[in-house]
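Notes follow once the structure below has been shown.
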Amino acid sequence: MKEFNKNIVLVGLMGAGKTRVGREISMILDMPFIDADREIENAAGCSVQEIFEMYGEQGFREGELRVIERLLQEGPMVLATGGGAFINEKTRENIKESSVSVWLRADLDLLVERTGRTNHRPLLQNTDPKKVLQELMNKRDPIYAQADITVECKAKITPRAMGHVVVDAVQNYLAGEQE
Ligand code: S3P
335 MKEFNKNIVL VGLMGAGKTR VGREISMILD MPFIDADREI ENAAGCSVQE IFEMYGEQGF
395 REGELRVIER LLQEGPMVLA TGGGAFINEK TRENIKESSV SVWLRADLDL LVERTGRTNH
455 RPLLQNTDPK KVLQELMNKR DPIYAQADIT VECKAKITPR AMGHVVVDAV QNYLAGEQE
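Counting from 335, one number per residue, gives the positions in the sequence shown under this note's numbering.
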């Protein structure tokens with residue numbers, strides 16, 4: 335399999351499967367995998383939830399921008415970003431320069447079902463998660479659509495199978511770029 339000299343960056347809403355699918359892609363391609371939120375937690379020495387509590391969403395976003403900027407230079411890697419990262423214009427520019435971006439698009443019911451399995455996401459706490467996810471979708475989908483590639487997530491497909499779908503899509507995209 336051809337080696338990638340670009341990062342593969344996964345974007346999309348909470349629950350789309352960026353982390354799980356990202357791990358599979360990294361195994362298929364034998365590339366390092368990094369989850370941006372875990373790196374932000376390592377840098378801050380506390381959880382995303384605690385960062386939101388102590389510094390607010392704005393504080394989290396500033397750390398997110400810096401950490402992703404650094405990670406993108408350390409590649410090539412498979413990078414799963416938090417759902418809000420690609421919404422930042424500067425982060426989008428940084429990703430454009432160094433990476434192939436992939437939007438994992440999932441429908442609302444799937445996102446609600448998957449995010450409902452855990453309760454660590456500050457934006458979905460003490461609220462109606464379906465309503466919040468719908469609002470985020472309305473706001474963010476046109477921006478996620480700026481990713482180089484869009485891949486549809488289906489409820490029944492395994493992370494490994496999704497990983498292969500993404501790898502094929504990235505290979506086709508890169509082949510087209512060279513024509
Ligand atoms: C967020 C998504 C989360 C995390 C933070 C904010 C968002 O990551 O970065 O809670 O704004 O959509 P996941 O998409 O990995 O859940």
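Cβ atoms here follow ideal geometry from the backbone N, Cα and C, with glycine treated the same way.
Notebook entry, point to check: Tell me which same chain residues have a C-beta within less than 6 Å of the C-beta of Val500, skipping the five on either side of it?
Noted result: Position 166 of the sequence shown holds residue 500. These residues qualify, in order along the chain: Ile359, Val436, Val485.
Check: Distance, Cα to Cα, Ala350 vs Arg426?
Finding: The residue given as residue 350 occupies position 16 in the sequence shown. The residue given as residue 426 occupies position 92 in the sequence shown. Rounded to whole angstroms, Ala350 to Arg426 spans 19 Å at the Cα level.
Notebook entry, point to check: Do you know offhand how far Arg439's Cα is from Ile374's?
Noted result: To locate residue 439, count along the sequence shown from 1; it is residue 105. To locate residue 374, count along the sequence shown from 1; it is residue 40. Rounded to the nearest angstrom, the two C-alpha atoms are 24 Å apart.
Next item on the list: Spell out the partners DSSP gives Val345 in its beta bridges.
Entry: Your numbering for residue 345 matches position 11 in the sequence shown. Answer is Trp437, bridged to Val345.
Notebook entry, point to check: Residue range of the alpha helix (DSSP H) that Ala414 falls in?
Noted result: For the purposes of this step, residue 414 is taken as the residue at position 80 of the sequence shown. Not the alpha helix (DSSP H): Ala414 falls in the beta strand (DSSP E), residues 412–414.
Next item on the list: Kindly identify the DSSP beta-bridge partner or partners of Glu359.
Entry: Along the sequence shown, read from residue 1 onward, the residue named residue 359 stands at position 25. The sequence as given places Ile at residue 359; Glu does not occur at that position. According to DSSP, Ile359 bridges with nothing at all.
Notebook entry, point to check: Does the beta-carbon of Met388 have 16 or more other beta-carbons within 10 angstroms, so that it is buried, or is it exposed?
Noted result: Against the sequence shown, residue 388 aligns to sequence position 54. So Met388 counts as exposed.
Check: Nearest-angstrom Cα distance between Leu399 and Glu423?
Finding: Taking the sequence shown and counting its residues from 1, one reaches residue 399 at position 65. Taking the sequence shown and counting its residues from 1, one reaches residue 423 at position 89. Going from the Cα of Leu399 to the Cα of Glu423 covers about 10 Å.
Next item on the list: Would you grab the beta carbon distance between Met541 and Leu347 for me? Rounded to a whole angstrom, and I think it's under 8 Å.
Entry: Because the chain spans 335 through 513 in this model, residue 541 falls outside it and cannot be assessed.
Next item on the list: May I ask you to list the residues that DSSP assigns as paired with Ile402?
Entry: Here the question's residue 402 lines up with position 68 in the sequence shown. Ile402 is not bridged by DSSP to any residue.
Next item on the list: Measure from the alpha carbon of Asn339 to the alpha carbon of each residue in Gln407, Gly450, Gly356, then state which is nearest.
Entry: For the purposes of this step, residue 339 is taken as the residue at position 5 of the sequence shown. The shortest Cα separation from Asn339 among Gln407, Gly450, Gly356 belongs to Gln407.
Item checked: Whole-angstrom C-beta distance between Leu444 and Arg487, which should lie under 8 Å -> Counted from its first residue, the sequence shown places residue 487 at position 153. Counted from its first residue, the sequence shown places residue 444 at position 110. Looking at the sequence shown, residue 487 is not Arg but Cys. Contact holds; Cβ gap of about 7 Å.
Next item on the list: Report yes or no: do the region 489–507 and the region 413–423 share at least 3 C-beta pairs separated by less than 8 Å?
Entry: no
Notebook entry, point to check: In this structure, does DSSP put Asp482 in helix, strand or coil?
Noted result: As a position in the sequence shown, residue 482 is number 148, starting the count at 1. The answer is coil: DSSP assigns Asp482 none of H, G, I, E or B.
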